[in-house]
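Presented below is the structure to which this report refers.
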Amino acid sequence: MLKDFFGKKVKVINLGIASFADDLRKQGVETIHTDWRPPAGGNKKIQALLNKVANWQSQVKSAKGAR
Amino acid sequence: MHIDIQQANAAAVSAIQAAQPVLKGIDTAINIVPGMKKNLILHAGPPITWQKMSGPMRGAVIGALIYEGLARNPEEAEKMAASDKIEYAPWHEHDGVGPMAGVGTASMPVWILEDQTNGRKTFCTLNEGLGKVLRYGAFSEEVVTRLKWMETVLAPVLKAAIPLAPQINLKNMIAQALQMGDEVHNRNKAATSLLIRELAPAIVKTDFPTADKAKVLEFMHSNDHFFLNLSMPAAKMMLQAAEWIEGSTIVTTMCRNGTEFGIRVAGLKDRWFTGPAAIVKGLLFPGFTEEDCNPDIGDSAITETCGLGGFSMAAAPAIVKFVGGTVNDAMNFTRKMYEITDGESQAFQIPNMEFRGSPLGINLLKVCEKNILPQINTGIAHKNAGVGQVGAGLVNPPMKCFEDALEAYVEKYCKDE
Chain A
245 MLKDFFGKKV KVINLGIASF ADDLRKQGVE TIHTDWRPPA GGNKKIQALL
295 NKVANWQSQV KSAKGAR
Chain V
23 MHIDIQQANA AAVSAIQAAQ PVLKGIDTAI NIVPGMKKNL ILHAGPPITW
73 QKMSGPMRGA VIGALIYEGL ARNPEEAEKM AASDKIEYAP WHEHDGVGPM
123 AGVGTASMPV WILEDQTNGR KTFCTLNEGL GKVLRYGAFS EEVVTRLKWM
173 ETVLAPVLKA AIPLAPQINL KNMIAQALQM GDEVHNRNKA ATSLLIRELA
223 PAIVKTDFPT ADKAKVLEFM HSNDHFFLNL SMPAAKMMLQ AAEWIEGSTI
273 VTTMCRNGTE FGIRVAGLKD RWFTGPAAIV KGLLFPGFTE EDCNPDIGDS
323 AITETCGLGG FSMAAAPAIV KFVGGTVNDA MNFTRKMYEI TDGESQAFQI
373 PNMEFRGSPL GINLLKVCEK NILPQINTGI AHKNAGVGQV GAGLVNPPMK
423 CFEDALEAYV EKYCKDE
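Residue numbers (my numbering), protein chains in the order written: chain A, 245 to 311; chain V, 23 to 439.
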């Protein structure tokens, strides 16, 4: 069905929900599943805190490189 | 501040790997536990007041006050427990750990472990067995009588036997037990057997009456969890080695008091980060339902913090018959824990994962970034004082502990970023 829609063989990389990949495989579609989740489960506050840590560490590493 | 987190964490994991906990002996808590006092009750988990204690924790306090002779009956004990005559503190702040309610008092005998690398000590009471026991909040006469026997017979016999036995390196013993299907949190069958193998000849060599020596051996033999009270202080000792490495985001403590779950982090000295303890999902003994279960309780999550327990479930497939789930689940729990840890244990290897080292060094940043919580397996206490264990299962810490710790970390180290 998918092949008909795209007009050629489809290969899929599925991110996140595993059942989407399972359904495609059942239809004979070559599928790779990646267990991807948004950073910090999508929690904006935690993402912001993690960014602060990452920025600080970049500065620490740059300072080290400059020495 | 010019701290490289990767380097700080590598130092923390190396320190954990280098620790060498050996069994040093047994003594009465008042003689050896730092800061121990006659009116002090040490307990599992983060700090808590009598008013906020859950049923099993209160039950254990009542039993301990009767055992100490500070109260004659449960009513008297409750009054005393709520008064300012009794002080409470976490075992973790006194270099020790306690399973389930984890209540420890002045007269109780404790195992003494020593780190061969630096001489630092950790402590834990002796395991009472399963069923109606103090650590699950039971305080009936049989519970107190057993505690008295442990104080007057079990501990003196073992204390005399330990110097007569070859030195017991608990890290090596745990490593061996993992090769034999234990994860040394909820499955300690192999480790208990290994301990008996080492101690039995020495017990026989002591001068105690044969009946006492036989009863000691029978007691150890009848309790598959006897080793738990050694795996816990051994794990505590290894993690203490990472306290308090500046800038490190490695988690050094995970524990519960039956009301709250608490964690501590290497780079955030002495600070507790808490959240509500969850209800454990698992297998319940016949006649009990989820309604009977107390929230998560005990210091035994120190094993997971050290890469054992739920983190090493792949090494102990038989445990799913006790805590629930499938063998595949057990394998997947271990695999998942590599995503939130910085190292792999050099000592603790998992045979059916090609002897890969167990996931070691929980990194606060990875837990927050990946939104993956540490996996813990644990016993379940009845919510009411005096009943005891009702099952065993699987549980995770509340994410709040880790979120609050991250916020405190940023406040301390990245204020100006």
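Note that beta-carbon positions come from the ideal geometry of N, C-alpha and C, so glycine has one too.
According to the Cβ coordinates, are residue i and residue j closer than 7 Å?
i, j, result
"V/L45", "V/N149", "no"
"V/W3", "V/A104", "There is no way to answer for residue 3 of chain V, as the model of chain V reaches only from 23 to 439."
"V/C436", "A/K296", "yes"
"V/M122", "V/R80", "no"
"V/G379", "V/Q368", "yes"
"A/K288", "A/E274", "no"
"V/H65", "V/V125", "yes"
"V/A197", "V/F370", "yes"
"V/D246", "V/T214", "yes"
"V/F145", "V/V55", "yes"
"V/N61", "V/E109", "yes"
"V/T139", "V/A40", "yes"
"V/M254", "V/I324", "yes"
"V/T400", "V/P381", "no"
"V/E265", "V/T274", "yes"
"V/L395", "V/N418", "yes"
"V/I398", "V/V412", "no"
"V/V179", "V/V238", "yes"
"V/A30", "V/G269", "yes"
"V/G153", "V/G410", "yes"
"A/L294", "V/E429", "no"
"V/G57", "V/H114", "no"
"V/F283", "V/A427", "no"
"V/L192", "V/A256", "yes"
"V/V83", "V/I63", "yes"
"V/E90", "V/S129", "yes"
Does DSSP put residue i in a helix, in a strand, or in coil?
i, result
"V/I225", "helix"
"V/A111", "strand"
"V/F344", "helix"
"A/D280", "Position check: residue 280 of chain A holds Trp in this sequence, whereas Asp was assumed. A/W280: coil per DSSP, three-state reduction."
"V/S380", "strand"
"V/C277", "strand"
"V/L216", "helix"
"V/A123", "coil"
"A/K289", "helix"
"V/G332", "helix"
"V/R209", "coil"
"V/I272", "strand"
"V/T167", "helix"
"V/T147", "strand"
"V/N374", "helix"
"V/E361", "coil"
"V/P96", "helix"
"A/Q301", "helix"
"V/L290", "coil"
"V/I3", "Outside the displayed range of chain V (23 to 439) lies residue 3 of chain V, so it cannot be described from this structure."
"V/V179", "helix"
"V/G304", "strand"
"V/I88", "helix"
"A/F264", "helix"
"A/I257", "strand"
With a threshold of 16 other CB atoms inside 10 Å of the CB of residue i, please say whether the residue is buried or exposed.
i, result
"V/L186", "exposed"
"A/W280", "exposed"
"V/P259", "The sequence shown places Met at residue 259 of chain V, rather than the Pro named in the question. So V/M259 ends up on the buried side."
"V/M359", "buried"
"V/A76", "Note that residue 76 of chain V is Ser in the sequence shown here, rather than Ala. V/S76 should be labelled buried."
"A/I261", "exposed"
"V/E425", "buried"
"V/S334", "buried"
"V/T232", "exposed"
"A/L259", "exposed"
"V/R168", "buried"
"V/H207", "buried"
"V/E433", "exposed"
"V/N53", "exposed"
"V/I341", "buried"
"V/T147", "buried"
"V/F248", "buried"
"A/I290", "buried"
"A/G272", "exposed"
"A/Q303", "exposed"
Answer yes if the segment 343 to 358 of chain V comes into contact with the segment 304 to 318 of chain V, meaning at least three C-beta pairs across the two stretches below 8 Å, and no otherwise. yes
Contact between the segment 273 to 280 of chain V and the segment 311 to 321 of chain V is defined here as three or more beta-carbon pairs at a separation below 8 Å; is this criterion met? yes
Are at least three pairs of beta-carbons, each pair with one atom in the segment 218 to 229 of chain V and one in the segment 171 to 189 of chain V, less than 8 Å apart? yes
To test your reading of the DSSP string, which unbroken alpha helix (DSSP H) runs of 4 or more residues are found completely within the segment 27 to 70 of chain V? 27 to 40, 51 to 54
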